[in-house]
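Reviewing the structure listed below.
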Amino acid sequence: MCLGPVIAQTDTEVHLFDIVYQDDTFGLTNGLNISNNAGYDNQPSFYNDNRVLFSSNRDGQTDIAFYNVRDNELEYLTNTKDGSEYSPLKIPDSKDVSAIRLDKDGTQLLYSYKITSGKSKVLLPGQKVGYHLWYRPDILVTTVLVDDRMDLVVSNLKDNTNYTFQKNVGRSLHKIPNSNLVSYVSKETGSNLIKSLNPISGATNPIIDMGGIEDYCWLLNGTIIAASGKNLIQYNPKTDTNWNLVKTFSDKNINNISRVAVNNLSTKLALVAEVSPEIIVQKQLDAYNARDLETFLNTYSKTIKLFNYPTELQSEGKEQLRSGYAEFFENTPDLHCEIKNRIVIGNKVIDEEYITANGQNFSAVAIYEVENGKIAKVTFIR
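In terms of my numbering, the numbers along the sequence shown are unbroken and rise by one, the last being 1320.
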């Protein structure tokens, strides 16, 4: 995926909650996994108070999905054979939708899509847009890929002008409630600083530093919501001096929360979270038993390291993993691994395994460490 710095697509889900306000903070109720789909589901936004847009993996590509809250139904707007769509948004004063499309030949452009037919049209020719925000029906605030960074660009669709306001910004763009301003993330100083921008005058002001956090959104009351790990935090520029913890999720399938979005009334919250490390490890095990090399490798990070306990490096990198397991899978028709016991502690999955290979049986313990939705380290105890 080329939306911003190239990253691996992790196994993520979109969760929807009702927001309940309590004095100067809020709570979440009625949580629901609305994507419920293997693979990449991400970048939610609200089409209206009843429909949630997001990017959803389907048949090896990423399409624009609609979730109907009232009817609890999922439908797809696009089925683009030569590309995938990301970051869908409703176009203001229109029923149509805009999204980034990444074609198989590497072309990446911002398109509009007819809600009735899915027919598309390029909105900003020549602009390799990573993320976008509608300021008005004729003005777009975007992050545009330049070399290995993203720059903040304001585009006027009426006169076809594009003006770069800042270099090196993050992916999160939002309107600031009850104002004529938008917010973005400046990365100029090496940290992630939320700043305000007047897209007409170009005036900017700092709001709050987010450290290593990338994503946030605004509630109607002026509170900023962000996420870190399994936690939601909040900050109100009018009343707070720093971030405050709002909620820690106990659900094992809500991990490393990234995107957050609210509807216009700030009564519903959508968030993106990685699935439980146990699901990643089980997917790896199922592929191992099926001797499905590509699915097996897809559960590992590019920099995967295999160790024999305690610190003997056995293999490093996905290509070494491929070369070792390709021959092993091909030459071991009776290969099977049975889990005798499994313990999950944070991002670690500890499996007691009973393995059959070439007529031989043996036991081992494998300690899997999952980072960013991929297995990053395995330590074997034999």
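Ideal placement from N, C-alpha and C gives every residue a C-beta, glycine not left out. This one's a predicted model, so the numbers in the text were calculated from it and none came from an experiment.
Taking the alpha-carbon of residue i as reference, which of the options has the nearest alpha-carbon?
i     : options                       : result
R1109 : N1169, N1201 and Y1024        : Y1024
L1209 : N1194, Y1122, N1310 and V1219 : N1194
Q1252 : V1316, V1213 and N986         : V1316
R989  : N1279, N1010, F964 and N1246  : N1010
L1040 : K1125, D1034 and D1001        : D1001
L1119 : E1268, N1202, S1129 and G1140 : G1140
D1230 : F1266, S1117 and S1204        : F1266
I1277 : V958, Q1222 and N1285         : Q1222
I1114 : K1312, D1089 and Y1154        : Y1154
Q1104 : N1116, S1117 and S1121        : S1121
R1320 : V1082, T1127, N1227 and E1290 : E1290
P1063 : T1045, T963 and G1056         : T1045
V1184 : K1066, Y1173 and E951         : Y1173
V952  : L1012, T1142, D961 and R1008  : L1012
N1169 : K1240, S1188, I1038 and T1241 : S1188
N1182 : K1190, I1162 and N1191        : I1162
G1056 : D1086, L1015, K1033 and V1084 : L1015
G1128 : A1225, L1111, S1134 and D1147 : D1147
K1322 : S1204, L954, T1186 and I1145  : With the chain represented from 939 up to 1320, any question about residue 1322 goes unanswered, as that position is not in the structure.
G1284 : F1318, N1191, L1244 and F1245 : N1191
E1126 : Q1065, Y959, V1107 and Q960   : V1107
N1094 : V1082, T1179, K1133 and R1074 : R1074
I1171 : D1224, F964, Q960 and L1158   : F964
S1117 : T1054, S1134 and L1203        : S1134
Y1247 : C1275, D1086, I1313 and F1318 : F1318
Could you tell me which residues DSSP pairs with residue i in its beta bridges?
i     : result
P1026 : The partner list for P1026 (beta bridge, DSSP) is empty, contrary to what the question assumes.
S1036 : L1027 and S1050
G1021 : D1041
P1144 : K1133
W1072 : L1078
L1183 : I1171
Q999  : R996
L1012 : Y1005
A918  : No information on residue 918 is available, as it lies outside the stretch 939 to 1320 that the chain covers here.
Y1292 : E1276 and S1301
T1102 : V1091
I896  : Examination of residue 896 is not possible in this model, given that the chain is present from 939 through 1320 alone.
K1286 : I1283 and E1307
I957  : L966
L991  : S983 and F1004
A1208 : L954 and A1199
So, with DSSP's three-state summary, where would you put residue i?
i     : result
Y1226 : helix
E1152 : coil
N968  : strand
L1235 : helix
V1213 : coil
K1168 : coil
I1313 : strand
V1007 : coil
L1244 : strand
E1307 : strand
V952  : strand
Q1065 : coil
K1190 : coil
E1257 : helix
I1218 : helix
E1126 : coil
P1115 : coil
D1178 : coil
K1096 : coil
K1057 : coil
S1121 : strand
A1199 : strand
I1319 : strand
Rounded to whole angstroms, how far is the Cβ of residue i from the Cβ of residue j, which I believe are closer than 8 Å?
i     : j     : result
V1091 : T1080 : 5 Å
D949  : V1213 : 5 Å
T1270 : A1295 : 5 Å
S1130 : G1160 : It is Asn, not Ser, that sits at residue 1130 in the sequence shown. Actually they do not touch by this definition, with Cβ atoms about 20 Å apart.
N1076 : K1052 : Checking the sequence, you will find Asp at residue 1076 rather than Asn. D1076 to K1052, Cβ: 19 Å. No contact.
Y978  : N995  : 4 Å
I957  : L1207 : 5 Å
F1049 : K1042 : The displayed chain sequence assigns Tyr, not Phe, to residue 1049. Actually they are not in contact, since the Cβ atoms of Y1049 and K1042 sit about 15 Å apart, beyond 8 Å.
L1061 : S1036 : 6 Å
Could you say if the stretch 1011-1028 and the stretch 1068-1079 meet the contact criterion of at least three C-beta pairs nearer than 8 Å? yes
When you compare the stretch 1218-1231 with the stretch 1303-1315, are there three or more beta-carbon pairs, one atom per stretch, that lie closer than 8 Å? yes
Are the stretch 1262-1271 and the stretch 964-984 touching, with three or more C-beta to C-beta distances below 8 Å? no
With a threshold of 8 Å, are at least 3 pairs of Cβ atoms found where one atom belongs to the stretch 1180-1200 and the other to the stretch 980-995? Judged by Cβ distances under 8 Å, the stretch 1180-1200 makes contact with the stretch 980-995, as three or more pairs qualify.
Hey, is the stretch 1234-1251 in contact with the stretch 1012-1022, meaning 3+ C-beta pairs nearer than 8 Å? no
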